[in-house]
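Peer 1: Sequential numbering of the sequence shown, starting at 526, is according to our numbering.
Every residue gets a Cβ at the ideal spot worked out from N, C-alpha and C, and that includes glycine.
Source: prediction; values computed, not measured.
Just passing along the structure, written as structure tokens.
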Amino acid sequence: MSELLLLNGPNLGILGRREPSVYGTDTLADIADMVADEVADRGWKVTSVQRESEGELITAIQDNYDTVGAIVNPGALMIAGWSLRDALASYPRPWIEVHLSNVWAREQFRHESVIAPLASGVVVGMGALGYRLAARALLAMV
Ligand code: DQA
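Put into structure tokens, the structure is as follows:
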């Protein structure tokens, strides 16, 4: 069975009750279900990992090189997560960066992503739908 890696960084485990006006009301479990629904016809399952620390996210990437592709929301690690960036550089499959909110419409410090230049694509500002769109993109790429 093929597995898609759904990787979420700091503060994304509390989606649903984290600033719902910014991030929506879907929980991370809801999002994992949505992604699983998108890829089910291809026979893919979803390995969903959320961690608060960069090191644990890196370990999750290294432990999942055999996945078909990944959807990555790095949270605020987009800004200066250089070790996360290096871990993703070694991930051997396509991966898509997702942000629920439109980071470009927010504070200046959210306008740079150190991981975006390595991503196969980036989905921003589409809320939970962005994860579905990223899953569809991976289906088309893999
Ligand atoms: C986020 C945007 C980041 O700037 C923020 O730090 C997050 C969530 C998003 O999904 O919109 O934690 O990645």
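With a floor of 4 residues, list each alpha helix (DSSP H) that falls wholly inside the stretch 553-621, ordered by position along the chain.
Peer 2: 553-564, 579-587, 602-605, 607-615
Peer 1: Just to confirm my understanding: we take R657, look at its own chain, exclude 5 residues before and 5 after, and list those with CB closer than 6 Å. What are they?
Peer 2: Excluding positions up to five away in sequence, the list reads M559, E563.
Peer 1: For I539, count neighbouring C-beta atoms within 10 Å of its own C-beta (all shown protein chains included) and say buried if the count is 16 or more, exposed if not.
Peer 2: Result: exposed.
Peer 1: Report back the beta-carbon spacing between I583 and A614 to the nearest angstrom; my notes put them in contact at under 8 Å.
Peer 2: The pair is not a contact, with the Cβ atoms about 11 Å apart (cut-off 8 Å).
Peer 1: For G580, tell me which candidate among E544, G606, Y548 has the shortest Cα-Cα distance.
Peer 2: Check the Cα spacing between G580 and each of E544, G606, Y548: the tightest is with G606.
Peer 1: Since G655 is in the beta strand (DSSP E), which residue starts that stretch and which ends it?
Peer 2: First-last for G655: 654-666, but that is the alpha helix (DSSP H), not the beta strand (DSSP E).
Peer 1: For L625, name the three-state secondary structure that DSSP assigns.
Peer 2: coil
Peer 1: Where do the N-terminal and C-terminal ends of the beta strand (DSSP E) with V647 fall, by residue?
Peer 2: 646-649
Peer 1: Compare the Cα-Cα distances from V648 to each of S546, R635, N598 and report the closest residue.
Peer 2: N598
Peer 1: Check S527 in the structure and name its three-state DSSP category.
Peer 2: strand
Peer 1: Assign N627 to one of two classes, buried (16 or more other C-beta atoms within 10 Å of its C-beta) or exposed (fewer than that).
Peer 2: exposed
Peer 1: Given a cut-off of 8 Å on the beta-carbon distance, is the pair V639 and M603 in contact?
Peer 2: yes
Peer 1: Sort A585, V593, A557 by Cα distance to L654 and report the nearest one.
Peer 2: A557
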